[in-house]
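Following: one structure in structure tokens, then a few remarks.
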Amino acid sequence: MTNELQQVTKLADQYNIIPIVRYMLADTETPIRLFQHFAKEQHAFLLESVEGGVKWARYSFIGTDPFMMLYGKNGKMVLEHNGETKVFDEKPIELLKAQLRGFRSPSLPELPPFTGGAIGYFGYDLLQYYENLPAHRIDDLQMNDLQFMFCDQVIVFDHFKQQLQIIGNVHIPHAATNADIEKAYNRALAKIEATIERVQQPITVPATAGSSIPTDPELGDVQSNLTKEQFISNVEQAKEYIRSGDIFQVVLSQRFSIETEVDPLHVYRVLRTMNPSPYMYYLKMGDEVIVGTSPEALVKVDGNRKVETRPIAGTRPRGKTPEEDKALEVELLADEKERAEHLMLVDLGRNDIGRVSEFGSVRCDAYMEIERYSHVMHIVSNVSGKLREDKDFFDAFLSCLPAGTVSGAPKLRAMEIIAELENEARGAYAGAIGYLGFGGSLDTCITIRTIVFKNGKAYIQSGAGIVWDSVPESEYMETVNKAKASLKAIRAAEAIFGQRKGSTGQAVNTDYYVTSGEVL
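Residue numbers (this note's numbering): 6 to 525.
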């Protein structure tokens with residue numbers, strides 16, 4: 006019996022899913038090249054992070070071949086496991102919680118924070134299951150309320166050590182004998198070895214059609230679900246609600262779309278270089294691909310039960326020179342409207358975290374700091390607490406969903422107004438994306454700066470926080486500026502890699518065009 010098998014056998018007294026690992030040298034490898042081995046699978050994910058806009062976080066996570074899928078909408082949840090499909094009339098979070106609570110996994114200090122679990126997204130409208138909230142009138146994208154793939158093998162790219170960790174998980178059967186444990190261990194080990202063999206196979210990286218990355222690609226015609234006049238009218242109606250005392254703030258959005266046949270992975274490759282962010286993700290789940298670089302955490306829970314949220318509110322475009330950039334920072338921090346909006350959301354974050362934290366543990370670790378991204382800069386703060394013993398990461402998550410930065414304050418009334426003024430359901434936008442680990446860790450971001458590829462179109466939604474003195478034209482332009490990086494990444498990817506055969510390059514419904522010559 007090997008030392009590793011001995012450790013697994015010992016841990017099997019307390020846990021029923023136990024990570025094991027093999028290491029590979031990766032000093033000539035990249036996460037993108039590695040992911041190319043799995044990009045054509047039906048389900049696959051790549052999670053990456055850049056800290057402070059300039060430094061790669063230590064780990065990138067890659068996975069495919071889920072052993073279980075959980076998804077659904079409108080009260081019908083589907084669970085696919087071991088070749089069987091079951092339909093449940095349950096609230097999505099309760100079903101997800103029940104499935105994850107069936108796994109007990111150790112947090113091993115020598116391994117990364119995520120060694121396997123559920124990866125996917127929560128939709129914005131998930132709170133309708135828990136609060137009496139109206140539905141949007143139109144649900145044209147028909148995205149699930151949540152969708153998760155459960156993966157028991159993760160490939161971890163360690164940027165610091167320049168090595169790969171191929172992490173598998175041993176599934177311990179109920180009342181397992183030592184022989185049962187050894188069989189389960191051998192199955193997990195065989196799967197790891199097959200993955201090692203696969204990533205060592207030659208891989209063809211797609212050739213580029215262009216010689217360089219376009220610095221300012223022409224966007225062409227971009228369609229929105231709202232005309233400019235309709236968006237401005239929505240802002241005016243929202244301000245009436247604020248003046249009447251219904252709300253302090255509400256976040257109104259518009260959804261841009263363009264027809265494209267470019268490979269979403271190529272768009273991700275461009276986006277991660279144009280707009281590196283703390284949360285970067287490529288999620289392929291059947292006929293949907295979600296690509297994004299979100300700057301904003303929703304909620305994070307680590308192995309020590311520290312719970313965090315990170316409000317972002319207050320925006321300026323980046324300056325063309327360092328001097329202009331600094332001047333815009335000073336202007337942003339001096340803007341009373343932006344400061345008031347940010348303070349409101351920090352208070353909301355403290356309230357959300359406080360509901361699930363130990364008394365006296367809630368702290369504002371960072372307050373009104375500036376973070377810079379490729380096209381914009383933001384004011385950010387960080388709120389943390391210690392998760393109460395009677396709470397778990399699901400409680401923390403539900404307490405924060407949806408973030409005040411994409412809904413408003415008070416949150417529930419703001420969501421009612423959003424459903425009234427925004428005809429189309431938001432789908433994944435303004436929900437959350439991330440992982441829920443077998444060992445109790447959770448890391449989720451707000452689904453913003455995100456592209457949904459579906460049915461030959463790319464969709465980008467962006468919002469602006471409306472307060473009593475908002476200028477409608479400025480709020481409209483804020484939504485446009487926030488969408489620019491994603492739109493440019495699509496056009497740049499088309500220029501670099503070309504479109505797949507069959508692309509028309511044409512949008513529809515010219516009444517709703519936002520032309521490049523007008524504002525973009």
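All residues carry an ideal CB built from backbone N, CA and C; glycine is no exception.
These figures come from a predicted structure and were not determined experimentally.
{"query": "Check His347 in the structure and name its three-state DSSP category.", "result": "helix"}
{"query": "Decide if Val367 is buried, meaning its Cβ has at least 16 other Cβ atoms within 10 Å, or exposed.", "result": "buried"}
{"query": "Between which two residues does the alpha helix (DSSP H) containing Glu1 stretch?", "result": "Summary: the structure shown does not reach residue 1, with the chain confined to residues 6 through 525, and so no result is reported for it."}
{"query": "Got a sec, what are the start and stop residues for the beta strand (DSSP E) Asp163 sits in?", "result": "158-163"}
{"query": "According to DSSP, is Pro327 part of a helix, a strand, or is it coil?", "result": "helix"}
{"query": "For Gly442, does the three-state DSSP call read helix, strand or coil?", "result": "strand"}
{"query": "For Ile98 and Phe399, what's the separation of their Cα atoms in angstroms?", "result": "8 Å"}
{"query": "To test your reading of the DSSP string, which unbroken alpha helix (DSSP H) runs of 4 or more residues are found completely within the segment 171-217?", "result": "183-204"}
{"query": "Per DSSP, what kind of secondary structure is Leu16 in: helix, strand or coil?", "result": "helix"}
{"query": "Short of 8 Å in beta carbon distance, which residues of its chain neighbour Ile375, apart from the five on each side in sequence? Order them along the chain.", "result": "Glu334, Leu337, Leu338, Met382, His383, Ile384, Val385"}
{"query": "Does DSSP classify Lys487 as helix, strand or coil?", "result": "helix"}
{"query": "In the segment 224-292, which residue ranges form an unbroken alpha helix (DSSP H) of at least 4 residues, counting only runs that do not cross its ends?", "result": "233-248, 269-279"}
{"query": "Output the boundary residues of the beta strand (DSSP E) element that contains Phe72.", "result": "No beta strand (DSSP E) holds Phe72; DSSP gives it neither H nor E."}
{"query": "If Leu276 and Gly125 are in contact, beta carbons under 8 Å, what's the gap, nearest whole angstrom?", "result": "Not confirmed; about 20 Å, so no contact."}
{"query": "If the criterion is Cβ atoms closer than 7 Å, does the pair Glu53 and Met285 meet it?", "result": "yes"}
{"query": "Can you tell me which of the three DSSP states Arg321 falls into?", "result": "strand"}
{"query": "Once DSSP output is grouped into helix, strand and coil, what is the label at Ile453?", "result": "coil"}
{"query": "Less than 8 Å between the CB atoms is what I'm expecting for Phe443 and Ile22, so what's the real figure, rounded?", "result": "5 Å"}
{"query": "Is there contact here, the segment 238-248 with the segment 260-278, by at least three beta-carbon pairs under 8 Å?", "result": "no"}
{"query": "Does DSSP classify Ala140 as helix, strand or coil?", "result": "coil"}
{"query": "Kindly indicate which three-state DSSP category Asp307 falls into: helix, strand or coil?", "result": "coil"}
{"query": "Give the secondary structure of Ser315 by DSSP, where H, G and I count as helix, E and B as strand, and everything else as coil.", "result": "The question names Ser, but residue 315 is Arg in the sequence shown. If DSSP states are grouped into helix, strand and coil, Arg315 belongs with coil."}
{"query": "Taking all protein chains shown into account, decide if Arg106 is buried (16 or more other Cβ within 10 angstroms of its Cβ) or exposed.", "result": "exposed"}
{"query": "Which residues does DSSP list as the beta-bridge partners of Asn387?", "result": "Ala371"}
{"query": "Check whether the segment 287-304 and the segment 396-410 touch, using three or more Cβ-Cβ pairs below 8 Å as the test.", "result": "yes"}
{"query": "Cβ of Ser446 versus every heavy atom of the ligand SAM: is any distance shorter than 6 Å?", "result": "For the ligand SAM, the structure offers nothing, since it holds no ligand at all."}
{"query": "Asp70: which of Arg27, Leu131, Asp157, Pro24 sits nearest, CA to CA?", "result": "Asp157"}
{"query": "Using the DSSP secondary-structure output, state which residues sit across from Arg63 in a beta bridge.", "result": "DSSP lists no partner for Arg63."}
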